[in-house]
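A.B. asks: First the structure, then my questions, so here it is.
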Amino acid sequence: MFPERFNMADYFLYHNLEEGRADKPCLYFEDQTYTYNDTARMANRTGRLLQELGARIEERILIALPDCPEFVWTWFGASRAGMVITMVNPLLPAADYVYYLDYTRARVAVIHESLVETFAPIAREARYLQHVLVTGKNFTAHDDKRFQSFERATASMPDALAPADTHRDDMAIWLFTSGSTGHPKAAVHLHHDLPFNTEVYAKRTLGLRDTDVTLAVPKLFFGYATGTNLLFPFAVGGATALFSERSTVEKLFEMIERHRPTVLTNVPTMIGAMLNAEDAGKRDLSSLRFSLSAGEALPVELYERWMRTFGVEILDGIGSAEMFHIYITNRLGEVRPGSLGRVVEGYEARVVDAEGRDVADGEMGTLRVRGDSAALCYWKRHDASKAAFSADWCMTGDQFHRDAEGYFYYHGRTDDMLKVSGIYVAPAEIENCLLAHEAVLECAVVGHRGSDNLIKPKAFIVLRETHAPSEELAQTIKDFAKRELALYKYPRLVEFVRSLPKNDRGKIDRKQLKNRETGVRS
Numbered sequence: 003m004f005p006e007r008f009n010m011a012d013y014f015l016y017h018n019l020e021e022g023r024a025d026k027p028c029l030y031f032e033d034q035t036y037t038y039n040d041t042a043r044m045a046n047r048t049g050r051l052l053q054e055l056g057a058r059i060e061e062r063i064l065i066a067l068p069d070c071p072e073f074v075w076t077w078f079g080a081s082r083a084g085m086v087i088t089m090v091n092p093l094l095p096a097a098d099y100v101y102y103l104d105y106t107r108a109r110v111a112v113i114h115e116s117l118v119e120t121f122a123p124i125a126r127e128a129r130y131l132q133h134v135l136v137t138g139k140n141f142t143a144h145d146d147k148r149f150q151s152f153e154r155a156t157a158s159m160p161d162a163l164a165p166a167d168t169h170r171d172d173m174a175i176w177l178f179t180s181g182s183t184g185h186p187k188a189a190v191h192l193h194h195d196l197p198f199n200t201e202v203y204a205k206r207t208l209g210l211r212d213t214d215v216t217l218a219v220p221k222l223f224f225g226y227a228t229g230t231n232l233l234f235p236f237a238v239g240g241a242t243a244l245f246s247e248r249s250t251v252e253k254l255f256e257m258i259e260r261h262r263p264t265v266l267t268n269v270p271t272m273i274g275a276m277l278n279a280e281d282a283g284k285r286d287l288s289s290l291r292f293s294l295s296a297g298e299a300l301p302v303e304l305y306e307r308w309m310r311t312f313g314v315e316i317l318d319g320i321g322s323a324e325m326f327h328i329y330i331t332n333r334l335g336e337v338r339p340g341s342l343g344r345v346v347e348g349y350e351a352r353v354v355d356a357e358g359r360d361v362a363d364g365e366m367g368t369l370r371v372r373g374d375s376a377a378l379c380y381w382k383r384h385d386a387s388k389a390a391f392s393a394d395w396c397m398t399g400d401q402f403h404r405d406a407e408g409y410f411y412y413h414g415r416t417d418d419m420l421k422v423s424g425i426y427v428a429p430a431e432i433e434n435c436l437l438a439h440e441a442v443l444e445c446a447v448v449g450h451r452g453s454d455n456l457i458k459p460k461a462f463i464v465l466r467e468t469h470a471p472s473e474e475l476a477q478t479i480k481d482f483a484k485r486e487l488a489l490y491k492y493p494r495l496v497e498f499v500r501s502l503p504k505n506d507r508g509k510i511d512r513k514q515l516k517n518r519e520t521g522v523r524s
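Residue numbers for the sequence shown follow our numbering, beginning at 3 and rising by one.
Written out as structure tokens, the structure is:
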């Protein structure tokens, strides 16, 4: 599909200059509008700067930035220069940056000015870090000369950057797993991986076009948003609208009304929050052709409420850092609520038992997937790589069943499954049931080991404002679940909480809830 000499920056960005879009707006940020020519010029300057600082082809560049133009310029500049992109959350504690700097061995980090105080002591101890480029209007200089202004440094660079002579199978980017157990692992991707998914998913399945404007709830450091809110629109000559602030309901509505995006990248948590806004029914989402959802399976109740309120189809799907992006999805006009849709053409998926044998339609098993965007390995995780990648198949660790028409249904992570009364139970099934109760706003189900040393489902529930916690309400919710589910599945315990912990992808952090039940410290 791709030539031997190939660089993904050319595929995503620079082809637009050759195809006559140099003066077309591609990036909206605050009060600024940037064209493809502006973006290419600044990416070139950034790439030249990285080279001047001594970063070489195949070396990692660490990006710790909020969504902003500098993120875009660094991403494409590093890629065009043949360096390897690594992206991390700009809101992490210092210990996490220590880990990432040591793991990636990045000699250059690009950070936001809000991180300078966090990075300064880290930089003194980091074994490999030599330069820190700082974005932001308020940063001028630092006592540590390794810290310098991104804006000033790029201003002195030339506008041209010769593309590195990269091979389609050269290492291009590391995408970090969510780190549900231990430190995140880096899934190593090659130059052709991300373009492959773009061809089969973004172009052929979603039908993105050059008139599309995208907007996202998750941030660009997360591969889900890197694809939908930067790479996919650029690949087709479209545009993206970015904001650096935290994603809130009000900010999302503001950005939609201001930029009139056609595609919204969303997650179930924010879908629920938008629906629960007091003025949700008065908000104008008519510019949207469709919305995407991933990260967690979208409950039927949320999908149906969204359609009643906004009338914009949600295409729920599943992807992973190991495969870069979505490989199973619903399609426009063919949405089956509760499912994650069908396999994207170009990928294959199987549901298998513990011995790797295909299970019958309707039976639950572990999902395996393969396609040409699969990662090469996990960096410095040999045993984990062998377990996850075998004979071109990626073992996802997700429990699914497939129906006779090829639609896939998610039941949860393998390590989230509960064995109750000798039978495996999917927490997601219980959660979807509880969400249909009028009092429940959010919920998460984990296993609780009782005094009899047996596992029972326990539900953590965030109530709607119209309801107050009480033992009577807890019993009412249990009775509701008993009527809707097989008796052994209902939650034996209900705990009302103000909020549920979320990870940096916006997913409910079940690890924290599990640790709370077992007394393990996170």
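Ideal Cβ positions, reconstructed from N, Cα and C, are used throughout, including at glycine.
All values reported here derive from a predicted model rather than from experimental measurement.
On the premise that Leu266 lies in contact with Ser293, defined as a C-beta separation below 8 Å, what is that separation, rounded to the nearest angstrom?
C.D. replies: Sure, about 4 Å apart at Cβ, within 8 Å.
A.B. asks: Quick test of your reading: Ile328 and Gly335, contact by CB under 8 Å. State the CB separation rounded to the nearest angstrom.
C.D. replies: So it is not a contact: roughly 18 Å between Cβ atoms.
A.B. asks: Roughly how many angstroms separate the alpha carbons of Val238 and Ala11, rounded to a whole number?
C.D. replies: 13 Å
A.B. asks: Could you give the first and the last residue of the continuous beta strand (DSSP E) run that contains Arg404?
C.D. replies: Trp395 to Arg404
A.B. asks: Please list the terminal residues of the continuous beta strand (DSSP E) segment that includes Trp176.
C.D. replies: Met173 to Phe178
A.B. asks: Is Gly343 near Ile330, with beta carbons less than 8 Å apart?
C.D. replies: yes
A.B. asks: CB Leu163 to CB Ala108, shorter than 8 Å?
C.D. replies: no
A.B. asks: From the DSSP output, in three-state form, read off Ile124 for me.
C.D. replies: helix
A.B. asks: As an exercise, report each continuous alpha helix (DSSP H) stretch of at least 4 residues that is fully enclosed by the segment 193-244, in chain order.
C.D. replies: The qualifying runs are 195-199, 225-228 and 234-237.
A.B. asks: With DSSP as the reference, label Thr368 as helix, strand or coil.
C.D. replies: strand
A.B. asks: Have a look at Arg170 and Phe78 and give me their C-alpha separation to the nearest angstrom.
C.D. replies: 16 Å
A.B. asks: According to the Cβ coordinates, are Thr48 and Ile65 closer than 8 Å?
C.D. replies: no
A.B. asks: When the Cα of Gln132 is compared with those of Leu52, Arg500, Ala488 and Cys379, which residue comes out closest?
C.D. replies: Leu52
A.B. asks: Drop a sphere of 10 angstroms on the beta-carbon of Leu502, count the other beta-carbons inside from all chains shown, and report buried for 16 or more, exposed for fewer.
C.D. replies: buried
A.B. asks: Any idea which residues DSSP pairs Gly297 with across the strands?
C.D. replies: In DSSP, Gly297 forms no bridge with anything.
A.B. asks: The beta strand (DSSP E) spanning Trp389 covers which residue range?
C.D. replies: According to the sequence displayed, residue 389 carries Ala and not Trp. Run containing Ala389: none in the beta strand (DSSP E); it sits in the alpha helix (DSSP H), His384 to Ala390.
A.B. asks: By DSSP's criteria, Tyr412 is part of a beta bridge. Which residues make up the other side?
C.D. replies: Phe402
A.B. asks: Between Gly209 and Phe234, what straight-line distance do the alpha-carbon atoms span, to the nearest angstrom?
C.D. replies: 10 Å
A.B. asks: Tell whether a beta-carbon distance below 8 Å holds between Ala461 and Pro493.
C.D. replies: yes
A.B. asks: May I ask you to report which of helix, strand or coil DSSP gives Arg262?
C.D. replies: Here Arg262 sits in coil by DSSP.
A.B. asks: Closest to Ala351 by CA distance: which of Met397, Glu315 and Ser341 is it?
C.D. replies: Met397
A.B. asks: Since Leu300 contacts Ile316 with CB under 8 Å, what's their CB separation in whole angstroms?
C.D. replies: 6 Å
A.B. asks: Would you check if the distance between the CB atom of Met325 and the CB atom of Ala376 is smaller than 8 Å?
C.D. replies: yes
A.B. asks: How many angstroms separate the CA atom of Tyr105 from the CA atom of Ala157?
C.D. replies: Whole-angstrom Cα-Cα distance: 31 Å.
A.B. asks: Express the C-alpha separation of Lys205 and Phe198 in angstroms, rounding to a whole number.
C.D. replies: 10 Å
A.B. asks: Would you call Thr468 buried or exposed, if buried means 16 or more other Cβ atoms sit within 10 Å of its Cβ?
C.D. replies: exposed
A.B. asks: Unbroken beta strand (DSSP E) runs of length 3 or more, entirely within the segment 278-332: which are they?
C.D. replies: As far as the segment 278-332 is concerned, its whole beta strand (DSSP E) runs of at least 3 residues are 292-295, 316-321 and 328-331.
A.B. asks: In the DSSP assignment, the alpha helix (DSSP H) including Phe498 goes from what residue to what residue?
C.D. replies: Here Phe498 belongs to no alpha helix (DSSP H); instead the beta strand (DSSP E) covers Leu495 to Phe498.
A.B. asks: Kindly identify the DSSP beta-bridge partner or partners of Ala111.
C.D. replies: Leu64 and Val134
A.B. asks: From the DSSP output, read off the bridge partner residues of Pro459.
C.D. replies: For Pro459, the beta-bridge partners assigned by DSSP are Gly449.
A.B. asks: Just curious, the alpha helix (DSSP H) that Met44 is in, first and last residue?
C.D. replies: For Met44, the enclosing alpha helix (DSSP H) begins and ends at Tyr38 to Glu54.
A.B. asks: Assign Tyr349 to one of three DSSP states: helix, strand, or coil.
C.D. replies: strand
A.B. asks: In this structure, how does DSSP classify Arg518 when only helix, strand and coil are distinguished?
C.D. replies: Three-state result, Arg518: helix.
A.B. asks: With a Cβ-Cβ cutoff of 8 Å, do Glu486 and Cys435 count as a contact?
C.D. replies: yes
A.B. asks: Assign Asn434 to one of three DSSP states: helix, strand, or coil.
C.D. replies: helix
A.B. asks: Flag this pair as yes or no: are the beta carbons of Val422 and Lys480 separated by less than 8 Å?
C.D. replies: No.
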